[in-house]
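Residue numbers (UniProt numbering): 1 to 185.
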């Protein structure tokens, strides 16, 4: 049994369609997806700029790290984490001590990838859902960020896998919250 819990803070989100399996139109993408896409595009753009340069030196590395850091900060990544990311990449790359014949672009790209991956690794095992007992997932977010729609999609996903789901609305401030949840269910 799976309980999907919609936390207070809901906004007016448009339900893309009912959960009958209809395709979801592009306008129904929620804000988190857009932020991640934009972040991915900006990081890719910074790495592509690295590949377009003829000589990879400290200035090119600094510019690339500045672009990636700016993208991370715009995506609300903690300032301390961004600073640590920059320092760790610089230490791993160390252009001053690189041996002759080393492909600096690949070294930089690998260091960026490893540090971004390390930044996302919480060091804990992911939650494993267990049948036979209630599993609660709580969704929290800003108004209009797509919580209700996402809850309905996740519930539908688990229903197709054989789980029984329940959606609980905890938004006591918005009158239409319960009706919206009913419409999406």
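Using N, Cα and C, we set each Cβ at its ideal position, and we do this for glycine too. On a predicted model such as this, the values are computed, not experimentally measured, just so you know.
Give the DSSP-derived three-state secondary structure of residue i in the structure shown.
| i | result |
| --- | --- |
| residue 148 | helix |
| residue 173 | coil |
| residue 165 | strand |
| residue 160 | helix |
| residue 131 | coil |
| residue 180 | helix |
| residue 43 | helix |
| residue 125 | coil |
| residue 6 | The predicted position of residue 6 is uncertain, since its pLDDT is 41 and thus under 50; a value taken from the coordinates is nonetheless stated next. Strand. |
| residue 77 | coil |
| residue 50 | helix |
| residue 185 | coil |
| residue 142 | coil |
Please classify residue i as buried or exposed, where buried requires at least 16 neighbouring CB atoms within 10 angstroms.
| i | result |
| --- | --- |
| residue 132 | exposed |
| residue 59 | exposed |
| residue 78 | exposed |
| residue 145 | buried |
| residue 184 | buried |
| residue 171 | buried |
| residue 108 | buried |
| residue 150 | buried |
| residue 43 | buried |
| residue 180 | buried |
| residue 165 | buried |
Under DSSP, the alpha helix (DSSP H) around residue i begins and ends at which residues?
| i | result |
| --- | --- |
| residue 137 | Here residue 137 belongs to no alpha helix (DSSP H); instead the beta strand (DSSP E) covers 135-139. |
| residue 70 | 58-74 |
Q: Any chance you could list the beta strand (DSSP E) runs of at least 3 consecutive residues sitting entirely within the segment 79-121, in chain order?
A: none
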